[in-house]
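Be aware that the sequence shown starts at 110, since it is given in this note's numbering, and climbs by one per residue.
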Amino acid sequence: MSTYRDFTAPIGSRRATVLRTVGTRERRSHLSAPRVPTVGIDIGGTKVMAGVVDADGNILEKLRTETPDKSKSPKVVEDTICELVLDLSDRHDVHAVGIGAAGWVDADRNRVLFAPHLSWRNEPLRDRLAGRLAVPVLVDNDANSAAWAEWRFGAGRGEDNLVMITLGTGIGGAILEDGQVKRGKYGVAGEFGHMQVVPGGHRCPCGNRGCWEQYSSGNALVREARELAADSPVAYGIIEHVKGNIGDISGPMITELAREGDAMCIELLQDIGQWLGVGIANLAAALDPSCFVIGGGVSAADDLLIGPARDAFKRHLTGRGYRPEARVVRAQLGPEAGMVGAADLARLVARRFRRAKRRRVERYERFERFTQAARKATSESL
């Protein structure tokens, strides 16, 4: 594993002019941002992954822990993030921290407006963490972070207009245009999973019916498999695999059986892929990108999923045969994309420090002061 001691940065890149806004820097100065190591944090419903990433997208060290239970206060998750950053700071000279959060982040990238898997409601995450860590902090949606990573280091390199679709439990998404993440007026652009594709269809946790993610996501795949296993003889292969325990059916299991040739599992992935292609065709009509990058856990099925998606995309594309077609490709960076992207975005707000040891001491002192104040407040309330 590489260490920070092995890392050197070109002198010319250290002389970049500091631009006025983060948005402008994102569009044109990712090449002139400080070539310094930063920490990326990817927060999901089940895990928190943190890593030190260099300016070329290489992961120098990675840590992972379980996400605290969603019934706990936001402070518990913030404590987990701080502990991971402090741990990594022991061995690396960290200059900024980027957070990729599974939720809606406001346009200022300070507050998490809503997180479906955590108890964050209008939570000022950036300010809270910046008050506890002696480095700049940047917060963004996890799909935006993953799309940025794929554009900088992965399947989307060289593309001017890119749309990323992340297929996991639900569907997330992000839009990049001319090297800038498009967040919309209020910061919540790219929530493609909640486009309505079947009026009056399956109920979605968002409160509506017929959302795209109810037909092309990990949840949709597992739901369809369990329904078939409950009352159809064609599902004998997967029933035998789980020994009759239908609740044990999972997305990775379906993908594994499909690769082994199970006809029902192959058909299920084809169905999910066809719905994926329909949604992509709709997005092409609205956004006209040059490339769609498909990421998330379900994309591990590769051509079993993306092949049917390409076919459906071509069939449903508006003006097919008379317009250029966007490429549809699988993401390259895997589950680390959100972490790498958050770290690289954080470089845009990073400051160069000359006294790394002093900064680490200040960070620990600030953390200790915060902890002592919290303990005192707790004891007084008792």
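Beta carbons: idealized from backbone N, C-alpha and C, even for Gly.
- The beta carbon of Gly279 is closer than 6 Å to those of Gly302, Glu322, Ser326 in its chain, skipping five residues each way along the sequence.
- Three or more Cβ pairs drawn from the stretch 375-394 and the stretch 411-427 lie within less than 8 Å of each other, which places the two stretches in contact.
- Just so you know, the alpha carbons of Met158 and Glu489 end up roughly 35 Å apart.
- By alpha-carbon distance to Glu259, the top candidate from Arg456, Arg475, Gly447 is Gly447.
- Val206 places its beta carbon 7 Å or farther from that of Ala421.
- The bridge partners DSSP lists for Met158 are Asp151, Arg173.
- In the three-state scheme derived from DSSP, where H, G and I count as helix and E and B as strand, Gln441 is classed as coil.
- Bounds of any beta strand (DSSP E) do not take in Asn354, whose DSSP letter is neither H nor E.
- Relative to Ser408, the option among Leu276, Glu369, Asp357, Ala435 whose CA is nearest is Leu276.
- Taking a cut-off of 8 Å for Cβ pairs, the stretch 326-346 and the stretch 388-403 do not touch, as fewer than three such pairs fall below it.
- With contacts defined as CB atoms closer than 7 Å, Ala440 and Val402 qualify as a contacting pair.
- Counting along the chain, no alpha helix (DSSP H) covers Cys400; the unbroken beta strand (DSSP E) around it starts and ends at 400-404.
- Rounded to the nearest whole angstrom, the CA to CA distance from Arg200 to Glu170 is 9 Å.
- Contact annotation: Val246 and Arg230 have beta-carbon atoms that are not nearer than 7 Å.
- For Gly282, no alpha helix (DSSP H) encloses it; the enclosing beta strand (DSSP E) starts and ends at 280-286.
- Here the C-alpha atom of Val248 lies approximately 14 Å from the C-alpha atom of Tyr295.
- Each residue's CA atom was taken as its position, placing Lys423 and Val438 some 14 Å apart.
- Looking at the DSSP output, Asp249 sits in a beta bridge with Gly209.
- Rounded to the nearest whole angstrom, the CA to CA distance from Asp371 to Ala252 is 32 Å.
- Shown here, Cys315 sits in coil according to DSSP, grouped into three states, outside any helix or strand.
- DSSP, read as helix, strand or coil, puts Thr487 in helix.
- Apart from the 5 residues on each side of it in sequence, Val244 sits with its Cβ closer than 7 Å to the Cβ of Val203, His204, Ala205, Val206 in its chain, given in chain order.
- Counting along the chain, Glu333 sits inside the alpha helix (DSSP H) bounded by residues 327-340.
- Looking at Leu197, His226, Asp196, the one whose alpha-carbon comes closest to that of Ala210 is His226.
- Leu457 is the residue among Ala483, Ala482, Leu457 whose C-alpha sits nearest the C-alpha of Ser254.
- Here DSSP, grouped into helix, strand and coil, assigns Leu242 to coil.
- Within its own chain, the residues whose Cβ lies closer than 8 Å to the Cβ of Arg173, once the five positions on either side in sequence are excluded, are Lys156, Val157, Met158, Ala159, listed in chain order.
- Taking the C-beta atoms as reference points, Glu232 is found nearer than 7 Å to Pro183.
- Counting along the chain, no beta strand (DSSP E) covers Glu434, and no H or E run does either.
- Boundaries cannot be given for Met304, as no beta strand (DSSP E) includes it and DSSP labels it neither H nor E.
- Arg292 sits in coil when the DSSP states are folded into three classes, being neither helix nor strand.
- DSSP lists no beta-bridge partner residue for Met448.
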